[in-house]
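Data first, discussion second: the structure below is written as structure tokens.
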């Protein structure tokens with residue numbers, strides 16, 4: 004996340020891609036959902052709102068699969084594009 008906040012988009016994309024790939028090999032659905040939220044923030048910081056929205060949709064689906072009743076609220080809280088310069 005720090006890389007994205009510092010404007011190092013390529014580094015942020017690589018790091019979140021590695022983290023998501025690692026999590027996809029596990030059965031920890033909640034970890035995968037949380038990483039989707041992080042991925043969405045990185046995309047918002049890079050002004051890639053469509054990609055951010057897709058990551059949030061994946062997070063919502065994962066929370067629902069796990070039965071996390073607060074999943075929608077968590078995703079909705081992250082669904083607002085960040086105010087970036």
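Numbering (our numbering), first residue to last: 4 to 88. We put the beta carbon where it would ideally sit given N, CA and C, even for glycine.
Would you tell me roughly how many angstroms separate the C-alpha atoms of residue i and residue j, rounded to the nearest one?
i          : j          : result
residue 25 : residue 77 : 22 Å
residue 56 : residue 42 : 10 Å
residue 39 : residue 65 : 9 Å
residue 29 : residue 17 : 19 Å
residue 11 : residue 73 : 32 Å
residue 54 : residue 21 : 17 Å
Leaving out five residues on either side along the sequence, give the residues of the same chain with a beta carbon under 7 Å from the beta carbon of residue i.
i          : result
residue 75 : 63
residue 8  : 48
residue 15 : 6, 7 and 45
residue 68 : 32
residue 34 : 26
Could you check how far apart the C-beta atoms of residue i and residue j are, in whole angstroms? I think they sit under 8 Å.
i          : j          : result
residue 59 : residue 82 : 6 Å
Excluding the five sequence neighbours on either side, which residues of its own chain have a C-beta within less than 6 Å of the C-beta of residue i, listed in chain order?
i          : result
residue 71 : none
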